[in-house]
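I have placed the structure first, in the form of structure tokens, so that the comments after it can refer back to it.
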Amino acid sequence: MIIHQVYFWLHQPEKDLNAVIEGCKKIALTKSVKSYSIGKPAATEKREVIDDSYPIALTVNFESIKDHDLYQEDPIHLQFIEDHKSKWDKVKIYDIEV
């Protein structure tokens, strides 16, 4: 399985957070997505190793690398990027295979 973790930093989180969250929810409509989660940083104890500077994160699970690759080209995913990329200050992605 591939776990695709995306962390978004927004130019104006107070203005754009809800729009990006709603956009992330549409990701589930892509056929290759097994499951997904959207969230904000947890209120866990602050430690030096924790980065909670992002306002929103998206985790998408795929059965295979092939499914991940299909997602990257899916019109729903591409439309999400087009609709929201101007709101992003920075995006970091971490893909892991489990």
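In our numbering, the protein residues as written are 1057 to 1154. No residue lacks a Cβ here, since even glycine has one placed at the ideal position from N, Cα and C. The structure presented is a predicted model; accordingly, all values stated were derived computationally and were not measured.
**Message:** What would DSSP say about S1120, mapped onto helix, strand or coil?
**Reply:** Correct three-state label for S1120: coil.
**Prompt:** Where K1087 and V1062 are concerned, what is the direct C-alpha to C-alpha distance, given to the nearest angstrom?
**Reply:** 19 angstroms
**Y1150 - partner residues in DSSP beta bridges** = Q1061
**Asked** Does the count of Cβ pairs from the segment 1091-1103 and the segment 1122-1132 closer than 8 angstroms reach three?
**Response** Taking 8 angstroms as the limit for Cβ pairs, the verdict is that the segment 1122-1132 does not touch the segment 1091-1103.
**Item:** F1136 beta carbon less than 8 angstroms from that of K1090
**Value:** no
**Request:** Would you decide whether I1106 is buried or exposed? Buried here means 16 or more other CB atoms lie within 10 Å of its CB.
**Result:** exposed
**Request:** Give me the Cβ distance between P1111 and L1073, rounded to the nearest whole Å; I'm assuming they're in contact under 8 angstroms.
**Result:** 6 angstroms
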